[in-house]
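In our numbering, the protein residues as written are 4 to 127. Even for Gly, the Cβ is constructed at its ideal location relative to N, Cα and C. Since the structure comes first, as structure tokens, the remarks are kept for the end.
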Amino acid sequence: KLGLSALKSKVVVFDFWATWCGPCRAQHPLYEQVKKRFQGNPDVVFLSIDTDEDRAMVKPFLDEVKWGGPVYFEDGLSRALKITSIPTTILTDRHGQIFSRMNGFKPDRFVDMLTTRIRDALQP
């Protein structure tokens, strides 16, 4: 469980994915590149949100592909944020408002687009 107080006044990047989603797998290394760019910034939080219906498949998948970091289950978040396809990346600003929504996989532009949007969301 993740306490919402840990996200207060932070820019939060939600990465919605599933084990069966090929584009999600392809996007993951790009997502990791963006995480590295902000790893020293305590005001940016990256959350990996799994949308699989069968949660039993998630841990074996993570072990197989060696993805690190905590993974959270969507538990209604997909409906609340109106996620209709994956991968989807949602960025919220310091006030908890949706700042950016990136639907689908854009491999050639993903790293720079997400980096720019995070920097923009960090602006006062």
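Cα-Cα separation between M105 and M116, rounded to whole angstroms: 9 Å
Cβ pair Y75, I52 closer than 7 Å: yes
Span of the alpha helix (DSSP H) around I86: Counting along the chain, I86 sits inside no alpha helix (DSSP H), nor does DSSP assign it H or E at all.
Reduced DSSP secondary structure (H/G/I, E/B, other) of S81: helix
Segments assigned alpha helix (DSSP H), at least 4 residues, entirely inside the segment 42–123: 61–68 and 80–83
Cβ-based neighbour list, G72, same chain, cut-off 7 Å, excluding 5 preceding and 5 following: S51
Neighbourhood of F102 by C-beta distance below 8 Å, restricted to the same chain and skipping five residues each side: V14, L94, T95, D96, R120, D123 and A124
contact_flag[the segment 82–91, the segment 57–70] where n(CB pairs < 8 Å) is 3 or more: Flag = no, the segment 82–91 and the segment 57–70 do not touch.
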